[in-house]
Amino acid sequence: MSNPFSINGGAVVAMVGKDCVAIGCDLRLGMQALTVSNNFPKIFSYGDAFLGLTGLATDVTTMSEIFRYKVNMYRLREERDIEPQTMANLVSSTLYERRFGPYFVSPVIAGINQRTGEPFICGFDSIGCIDFAKDFIVSGTASDQLFGTCEALWEPDLEPEDLFETCSQALLNAVDRDALSGWGAHVYVITKDKIIKRLLKGRQD
Amino acid sequence: MRHGWNPYTDNGGSIIGIAGDDFVILAGDTRHTSGYNINSRDERKVYRLGENSSLVLATVGFGADAKDLAQTMRRAVEDFKFQHNLKDMTVSAAAQFLCTVLYGNRFFPKYAYCILGGLDKNGKARLYSYDPVGSYSKEGESRAAAGAASSLIVPFLDNQVEFKNQYIPSSKGTQERPVEHLDRDTVVRLVKDAFTGATERHIEVGDGLQIVTVSAQDGYQEEIMPLKRD
Amino acid sequence: MNHFPEAWGRPRDDVYGSYDRSVFGHDAAGPTQHTQQPIVTGTSVVALKFKDGVVIAADNLASYGSLARFNDVERLRQVGTHTIVGASGDVSDMQFLYEKQLENLIIAEDYQEDGHGLRAKHIYSYLSRVMYHRRSKMDPLWNVLLVAGWDDGKPFLASADLLGTTFSSPALASGFGAHLAVPLLRRIAPDEASVANITREQAIKTIEECMKVLFYRDARSMNKYTMAIVTGKEGTNDEPDIEIQKDVSLKQQSWKFAEKIRGYGAQTV
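Residue numbers (numbering that gives the first Met the number 0), protein chains in the order written: chain X, 0 to 204; chain H, 0 to 229; chain U, 0 to 268.
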């Protein structure tokens, strides 16, 4: 009953490919050892920007709703969709506002900048420090395992189909070694003109 | 007793073991740490037990306990020959012996994770891994990893040695990819990739990689390879 | 509700109170107590391998907490014909090791008069085992020992500490030296291969530099030290030449470098 980041469990990973990005999450929601749901997705989309959230489930849900509100307001004022880079700073500020009573989440952003076409991913800690990575971002109770699989399997400039396979294998094999993550996965592959969302079956334990 | 002083510390590092059909490879990085200090960039963790035997032991965790275990095992393998009419200690005997040694210290454990490898009397590869109080599987394993970066390395090995989550492409997810013994070059590549990955993402792993191969054809061979030193 | 396996079947702490460990039966602060704290202490020992041997140095101060109590203490000791041992940490434990354990070890070995003597790796093996044995009895000798010498036809340098932890490297230092001196030593000797290119003069100069830096930055150090240089004949186990320089004073101390410093990291103006 101690660490808010590992009560509910969960895993998110994002990777950069050749003119594409991939972001994946597991589907488990638990109460420590007890699994409560096998359909709790942790990736939310706001236009072309994708946000993955691990950590305390109530904060995952609340944050996804807060950003739905903030992005909608942005769209009303700016009359355009928010770019992933801008969303990153929005997430960072929102988290830092709660510096001394933080949301217990580890967010991940993935998307392609509409104007420049360049793929973008980044991760954050719970108080908004942005981690801009060129290769991959990992998050959740299986983050150690994800670091291992991603570091070994990722290579630069993967085509969308290959990036999907790499991201999926990295995610599946990592969560299979984490008791608090798994029960299926969603993997999104995002390119300039389309977004493909796939449901992975995986080990159901 | 009032215990103000901790008799254990963690000296970092990681080890790995992969078994082929007639060869086994044990490897470990050569970095020795205490907290943020690097004590040595070249301190080996993989030991040969006995001069002509195929037994190899890798230990990681608290360096003093790990080294003491290796020395105990070395002594046991040598003594066995004297006490058993020059017969070599078999892998399975050494495996069980190590379990006994570890459990013998159940109430003041040797804080060391061990991986034992060797060839059985038919020249087939055997690999065993242990927890600090001696838990091991009698049948042995095909791969094992321990130490600071074990959580990073193990899922990678699951995917590349046991082919977990891999299916035959045409079967539409109904047929798993069959598991077969790997050849030596593939195993060496996997070991190097596992450690370069671990070195990138874990501060206690790096400096150098010690790779020991024991095979039916070529006996004992050791290769040292540099790893990133940051 | 704690669902994790450790809690299965266990009565809840908030209802029944936490586990009563007095049932294990300790005498609260009984007559025999072991694990201690060091009282009179010596600070860093530094050592560096070079082409034909090893240089090792330690200052002459024994501190009583923050009091610089004794300033004529010899923390390096020649053990046999091939080895110098340097000790940091508790001075009484050092004296026990030097004047009882090691002294008797050498007497017993010399008594054999068989033409053989104990070399560096034997002394090291002995000391490592003693240190590990004491830690396993929960009664440690509160020291970090550096063993420097000549063995197997090449320079020998290794460390053993109060936990029984052992390791070897071409450049070693204990205490503050591990943080301040080792990076300086590793610039000259980053790995074993580079040792073959280090001259005796280079090694001595580097050690002198380290002792100066330590005096500047270690508050429990002194400007007078002992330095020992072990020089052997490559490829043989013949008795090496051991030169011990006592009461060496730090040379060319100057804080002028401080005037050039800006900030503490990336600042340039």
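Think of the CB as a built atom: it goes at the ideal place given N, C-alpha and C, for glycine as much as any other residue. Here the structure is a predicted model, which means the values were calculated and not measured.
- Only those residues of the segment 190 to 209 of chain U whose C-beta falls short of 7 Å from the nearest C-beta of chain H are listed: D190 and E191.
- The beta carbon of P4(U) falls within 8 Å of a beta carbon belonging to chain X, placing the residue at that interface.
- Per DSSP, reduced to three states, the secondary structure at N36(H) is strand.
- Assignment of alpha helix (DSSP H) within the segment 178 to 261 of chain U, counting only whole runs of 4 or more residues, yields 199 to 216 in chain order.
- Secondary structure at I114(H): strand, using DSSP grouped into helix, strand and coil.
- Among the CB atoms of chain X, none fall inside 8 Å of the CB of N59(U).
- The continuous stretches of alpha helix (DSSP H) do not include S180(X), and DSSP gives it neither H nor E.
- The beta carbon of D138(U) sits closer than 6 Å to the beta carbons of H33 from its chain, once the five residues preceding and following it are set aside; these are given in chain order.
- The C-alpha of L226(H) is placed about 9 Å away from the C-alpha of K191(H).
- At least 8 Å separates the CB of T29(H) from every CB of chain U.
- Residue burial annotation: L85(H) is exposed, with fewer than 16 other C-beta atoms found within 10 angstroms of its C-beta.
- One thing to note: A144(H) has its Cβ no nearer than 8 Å to the Cβ of I24(H).
- Taking a C-beta cut-off of 7 Å against chain U, the contacting residues of the segment 67 to 87 of chain H are D67, listed in chain order.
- Positions of the beta strand (DSSP E) runs, each at least 3 residues long and wholly inside the segment 52 to 79 of chain U, are given as 52 to 58, 61 to 63, 66 to 69 and 75 to 78 in order along the chain.
- Taking 7 Å as the cut-off between beta carbons, the residues of the segment 30 to 53 of chain X near chain U are M30, Q31, A32 and L33, in sequence order.
- Per DSSP, G264(U) is not a residue of any beta strand (DSSP E), being assigned neither H nor E.
- For the segment 12 to 87 of chain H, the full-length beta strand (DSSP E) segments reaching 3 residues or more read 13 to 18, 22 to 28, 31 to 33, 36 to 39, 45 to 47 and 55 to 60 along the chain.
- R125(H) is bridged by DSSP to G117(H).
- For the segment 132 to 155 of chain X, the residues whose beta carbon sits under 7 Å from a beta carbon of chain H are, in order, D143, Q144, F146, G147, T148, E150 and A151.
- The beta-carbon separation of S220(U) and N142(U), rounded to 17 Å, does not stay under the 8 Å limit for a contact.
- DSSP places A107(U) in the uninterrupted alpha helix (DSSP H) bounded by E102 to Y110.
- Inclusion of A172(U) and V181(U) in the CB contact set at 8 Å is warranted, their separation being smaller than that value.
- Against chain U, a Cβ distance below 7 Å from S39(H) picks out F166, S167 and S168.
- Listed along chain H is no residue with a C-beta nearer than 7 Å to that of N7(X); the closest approach is about 20 Å.
- Residues of chain U whose Cβ lies closer than 7 Å to the Cβ of G3(H) are, in chain order, T34.
- Between the alpha carbons of N88(X) and F119(X) lies a distance of about 13 Å.
- At the C-beta level, K41(X) and G51(X) come within 8 Å of one another.
- Taking all protein chains in view, the Cβ of E160(X) is surrounded by fewer than 16 other Cβ atoms within 10 Å, so the residue is classified as exposed.
- With a 10 Å radius around the Cβ and a threshold of 16 neighbouring Cβ atoms, S17(U) comes out exposed.
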